[in-house]
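Note sheet for the following structure.
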Amino acid sequence: MSDLIKSKILEVIEKIGSEKFATIILDNASAVAATHQKISNTYFHIINIHCIAHFVNLISKDILGGELKNYCKIQWTLNYETVSSVTQL
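Those letters in the sequence shown? Residues 77 to 165, per my numbering, in order.
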């Protein structure tokens with residue numbers, strides 16, 4: 077998969093001209109990570125940057141997927157468990 081992604085990106089770079097590129101922003105998928113390295117080896121002046129929006133999206137999913145414990149005496153939840161559930165997100 078990384079070879080296909082790399083070939084498409086290189087096709088665009090060559091069509092437009094590598095001198096017009098300063099950076100390439102991609103997500104952090106495993107196939108894309110390999111592509112980052114391959115492009116860096118071909119075009120030393122093009123900086124690879126990970127997409128902050130993708131990073132924030134992944135963090136948000138982790139936070140929303142986690143479960144916060146509510147402090148409530150009726151449910152016998154301890155203060156430690158409540159605070160600990162936040163720090164584990």
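Here a beta-carbon is modelled for each residue, glycine too, at the ideal position from N, C-alpha and C.
Practice task
Return yes when the Cβ of I128 is within less than 8 Å of the Cβ of I122, no when it is not.
Solution key: no
Handout entry: Whether N124 touches I89 by CB criterion (8 Å)
Key = no
Problem - Nearest-angstrom Cα separation, counted from I81 out to K137 - result: 26 Å
Handout entry: I128 at chain D interface by Cβ criterion, 8 Å
Key = Of the chains in the structure shown, none is chain D; there is only one protein chain.
Exercise for the section: Within 10 angstroms of the Cβ of V132, are there 16 or more other Cβ atoms? Answer buried if so, exposed if not. Expected result: That one is exposed.
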